[in-house]
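In mature numbering (1 follows the signal peptide of the UniProt record, and there is no 0), the protein residues as written are -21 to -1, 1 to 138. We put the CB at the ideal spot given by N, CA and C, even for glycine. Because the structure is a prediction, the values reported are computed rather than measured. Working notes for the structure below.
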């Protein structure tokens, strides 16, 4: 029951913050001078963004993350909590699998931090810090699970 409450709370946080971030990020359509630096996904798909109708919805999130980061940060935290909780639920009896799960997520989050860290806006720097912090926490969780497994003498690759 506690896990279900956590899932519902995290999912509600994620969904609400997604809608709010998309709403706030839709302001990008009114700021053509930002299209070049904030409509990165639209540029990959359409080449040069010439009109506001060329802007993809995902670029609303980029714009919101750069200039109004509260809801994008909340979205990211809700998503990361859902991912961590899912791993714990799926692998709670298989510590080695849980260790690998957190290890893979640590690498992916630290890579995300690497690609977002050179950002110039405060919002993207804050998101980079969340990636670094959660990647480090995931790596520490994986390391702790490894040490527990090693102490129990059960760490065997492939099991």
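| Query | Result |
| --- | --- |
| Going straight from the alpha carbon of residue 124 to that of residue 59, what length do you get? | 19 Å |
| Report buried or exposed for residue 141, applying the criterion of at least 16 other Cβ atoms within 10 angstroms of its Cβ. | Since the displayed the chain opens at -21 and closes at 138, residue 141 lies outside it and no answer follows. |
| Have a look at 8, -14 and 71 and flag the residue whose alpha-carbon is nearest the alpha-carbon of residue 28. | 8 |
| Looking at residue 103: is its Cβ nearer than 8 Å to the Cβ of residue 44? | yes |
| Starting from residue 37, trace the alpha helix (DSSP H) both ways and give me its first and last residue. | 37 to 46 |
| Can you tell me the Cβ-Cβ gap for residue -8 and residue 61, rounded? I've got them flagged as a contact below 8 Å. | 6 Å |
| Using DSSP with H/G/I as helix, E/B as strand and the rest coil, what is residue -21? | coil |
| Would you say the stretch 19 to 36 touches the stretch 64 to 83, given that touching needs at least three Cβ pairs under 8 Å? | no |
| On the criterion of 16 or more Cβ atoms from any shown chain inside 10 Å, does residue 131 qualify as buried, or is it exposed? | exposed |
| Would you call the CB atoms of residue 111 and residue 92 closer than 8 Å? | yes |
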